[in-house]
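Numbering (the working numbering), first residue to last: -3 to 312.
Beta carbons: idealized from backbone N, C-alpha and C, even for Gly.
All of these numbers come straight from a predicted model, not from anything done at the bench.
Below you'll find the structure, written out as structure tokens, and then a few comments.
Set out below in structure tokens:
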């Protein structure tokens, strides 16, 4: 077992003594929050990092500290996950360069947004799942034995299973679109790991916890704060644990733990939180921990994979 870390561990605490010299990393969503901190921590410990972002100017402004701490280089590439054309262009450029990635961290995401992607998909499912599904599979040949894929999911996956016959959530309540997309992230992890583990490439899904970042810009800080206060009032009345905000370095800690510290067989095909592999739970958000069985069901993972291939028009 790896050293025990927990909910309050930070990226630098998790990576203390870890040498990532010679490792190459792709991190999506490096224009703010967890993506920037993940890139900084990995770069500071020796990894060569490529950051992907939709708005390159914003990303350049946000990643000054990443560049300052990088020991072996930091570059940016353009990636709009809401456009399959942009995803393909990004993947093609990386494939043309031909340089391997030891870690691919699918960090970017959107929550609470309304609308459709450029290709007509519900935007949260399209960005959080389909865009990453296409990108990762297109560049999977650049991931050598020993490489890992880390997909950022969320504890809100416990709020809603994914309807495989209604992936755009046209029949469901709008508020379940984000939780469903986070369930999709875990299912994608399960099937990617199954397909690639024999060649030594593993995948894990992680829950960063409750962190104030730009992810919730479509929801609003006041709305999130009010929800948290009301939620904690119910938890307190029922004698349950309370939701506690994490700092950004604490929120990114599980990402770097699963990417560079935990043993591959420990996290492969699993859902992780607070720097450990989560246990199964039958509870929803009120449990504050655990993974639902529907999110790690291998047959549902295979079915989502096939449907995702059909939606992006490519087979992998």
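> Are the beta-carbon atoms belonging to residue 38 and residue 273 less than 9 Å from one another?
Replying inline: Along the chain shown, read from residue 1 onward, the residue named residue 38 stands at position 42. Along the chain shown, read from residue 1 onward, the residue named residue 273 stands at position 277. Taking 9 Å as the Cβ cut-off, residue 38 and residue 273 do not qualify as a contacting pair.
>> Just to confirm my understanding: we take residue 270, look at its own chain, exclude 5 residues before and 5 after, and list those with CB closer than 6 Å. What are they?
In response: Taking the first residue of the chain shown as position 1, residue 270 is located at position 274. Once the five neighbours on either side are set aside, the close Cβ partners of residue 270 are 2, 3.
> Which ranges would you report for the alpha helix (DSSP H) in the region 215 to 246 if only whole runs of at least 4 residues count?
Replying inline: Runs found: 217 to 233.
>> Check whether the region 63 to 75 and the region 277 to 284 are in contact - that is, three or more C-beta pairs closer than 8 Å.
In response: Contact fails: fewer than three Cβ-Cβ distances are below 8 Å.
> Which class does residue 71 belong to by DSSP, given the choice of helix, strand or coil?
Replying inline: Within the chain shown, numbered from 1, the residue matching residue 71 stands at position 75. Residue 71 falls in the strand class under three-state DSSP.
> Roughly how many whole angstroms lie between the Cα atoms of residue 63 and residue 29?
Replying inline: The residue labelled residue 63 in the question sits at position 67 within the chain shown. The residue labelled residue 29 in the question sits at position 33 within the chain shown. Cα atoms of residue 63 and residue 29: separation of roughly 16 Å, rounded to the nearest angstrom.
>> Whether or not the region 159 to 179 and the region 36 to 55 are in contact is what I'm after, with contact meaning three or more pairs of Cβ atoms, one per stretch, closer than 8 Å; do they touch?
In response: The region 36 to 55, when compared against the region 159 to 179, does not touch it at the 8 Å Cβ threshold.
>> With three or more beta-carbon pairs closer than 8 Å as the criterion, would you say the region 233 to 245 touches the region 18 to 25?
In response: No, the region 233 to 245 is not in contact with the region 18 to 25.
> alpha helix (DSSP H) containing residue 262: first to last residue?
Replying inline: If you number the chain shown from 1, residue 262 lands on position 266. Where residue 262 is concerned, the enclosing alpha helix (DSSP H) stretches over 260 to 263.
> Hey, quick one: how far does the beta strand (DSSP E) through residue 24 stretch, first residue to last?
Replying inline: Residue 24 sits at position 28 when you count from the first residue of the chain shown. Residue 24 -> beta strand (DSSP E) spans 20 to 24.
> Apart from the five residues on each side of it in sequence, which residues of its chain come closer than 6 Å, Cβ to Cβ, to residue 297?
Replying inline: Here residue 297 corresponds to residue number 301 of the chain shown, with the count starting at 1. Excluding the 5 residues flanking it on each side, residue 297 has same chain C-beta neighbours closer than 6 Å at 183, 186, 187, in chain order.
> To the nearest whole angstrom, what separates the beta carbons of residue 148 and residue 132, a pair I think is in contact under 8 Å?
Replying inline: Here residue 148 corresponds to residue number 152 of the chain shown, with the count starting at 1. Here residue 132 corresponds to residue number 136 of the chain shown, with the count starting at 1. About 12 Å; that fails the 8 Å criterion.
>> If the criterion is Cβ atoms closer than 9 Å, does the pair residue 193 and residue 142 meet it?
In response: In the chain shown, counting from the first residue as 1, residue 193 sits at position 197. In the chain shown, counting from the first residue as 1, residue 142 sits at position 146. In terms of Cβ geometry, residue 193 and residue 142 do not form a close pair [threshold 9 Å].
> Expressed to the nearest angstrom, what Euclidean distance is found between the alpha-carbon atoms of residue 109 and residue 231?
Replying inline: Numbered from its first residue, the chain shown carries residue 109 at position 113. Numbered from its first residue, the chain shown carries residue 231 at position 235. One Cα belongs to residue 109, the other to residue 231, and the distance between them is close to 27 Å.
> Considering only residues of the same chain and omitting the five flanking positions on each side of residue 90, which have a CB-CB separation below 6 Å?
Replying inline: Taking the chain shown and counting its residues from 1, one reaches residue 90 at position 94. Within the same chain, Cβ atoms closer than 6 Å to the Cβ of residue 90 are found at 135, the five residues on either side in sequence being excluded.
> So, is residue 114 buried or exposed, given that buried needs 16 or more other C-beta atoms within 10 angstroms?
Replying inline: As a working note, residue 114 is residue 118 in the chain shown. Of the other Cβ atoms in all chains shown, fewer than 16 fall within 10 Å of the Cβ of residue 114; this residue is therefore exposed.
>> Rounded to whole angstroms, what is the Cα-Cα separation between residue 8 and residue 205?
In response: Counted from its first residue, the chain shown places residue 8 at position 12. Counted from its first residue, the chain shown places residue 205 at position 209. The alpha-carbon of residue 8 is positioned some 17 Å away from that of residue 205.
>> Considering only the alpha carbon of each residue, which of 34, 35, 75 lies closest to residue 53?
In response: Locating residue 53 in the chain shown gives position 57, counting from the first residue. By alpha-carbon distance to residue 53, the top candidate from 34, 35, 75 is 75.
>> Tell me which residues share the same chain as residue 294 and place their Cβ nearer than 8 Å to its Cβ, disregarding the 5 neighbours each side in the sequence.
In response: Here residue 294 is taken as the residue at index 298 of the chain shown, counted from 1. For residue 294, same chain residues with a beta-carbon under 8 Å away, outside a window of 5 residues either side, are 186, 187, 190 in chain order.
>> Considering only the alpha carbon of each residue, which of 94, 101, 156 lies closest to residue 137?
In response: As a position in the chain shown, residue 137 is number 141, starting the count at 1. It is 94 whose Cα lies nearest to the Cα of residue 137.
>> Between which residues of its own chain and residue 157 is the CB-CB distance below 7 Å, once the five residues before and five after are set aside?
In response: Within the chain shown, numbered from 1, the residue matching residue 157 stands at position 161. Excluding residues within five positions, the ones whose Cβ falls inside 7 Å are 179, 290.
> Which first and last residues belong to the beta strand (DSSP E) in which residue 147 is found?
Replying inline: Here the question's residue 147 lines up with position 151 in the chain shown. Run containing residue 147: 144 to 148, per the beta strand (DSSP E) assignment.
> In this structure, does DSSP put residue 279 in helix, strand or coil?
Replying inline: On the chain shown, position 283 is the one that residue 279 refers to. The DSSP-derived three-state label of residue 279 is coil.
> Buried or exposed: where does residue 19 fall if 16 or more other Cβ atoms within 10 Å of its Cβ makes it buried?
Replying inline: Here the question's residue 19 lines up with position 23 in the chain shown. Residue 19 is buried by the Cβ-count criterion.
> Buried or exposed: residue 127, going by 16 or more other Cβ atoms within 10 Å of its Cβ?
Replying inline: Residue 127 sits at position 131 when you count from the first residue of the chain shown. It is buried - the Cβ of residue 127 has at least 16 other Cβ atoms within 10 Å.
> If we ignore side chains and look at the alpha-carbon of each, how far apart do residue 34 and residue 248 end up?
Replying inline: One-based indexing of the chain shown puts residue 34 at position 38. One-based indexing of the chain shown puts residue 248 at position 252. If you take the alpha carbons of residue 34 and residue 248, they lie about 6 Å apart.
> Nearest CA to the CA of residue 308: which residue from 130, 198, 224?
Replying inline: What you label residue 308 is simply residue 312 of the chain shown in a count that begins at 1. 130 is the residue among 130, 198, 224 whose C-alpha sits nearest the C-alpha of residue 308.
>> What does the Cβ neighbour count give for residue 175, buried or exposed, with the cut at 16 atoms within 10 Å?
In response: Here residue 175 is taken as the residue at index 179 of the chain shown, counted from 1. Residue 175 should be labelled buried.
>> Please classify residue 302 as buried or exposed, where buried requires at least 16 neighbouring CB atoms within 10 angstroms.
In response: As a first step, residue 302 must be located in the chain shown, where it is residue number 306. Residue environment analysis places residue 302 among the exposed positions, since fewer than 16 neighbouring C-beta atoms fall within 10 angstroms of its C-beta.
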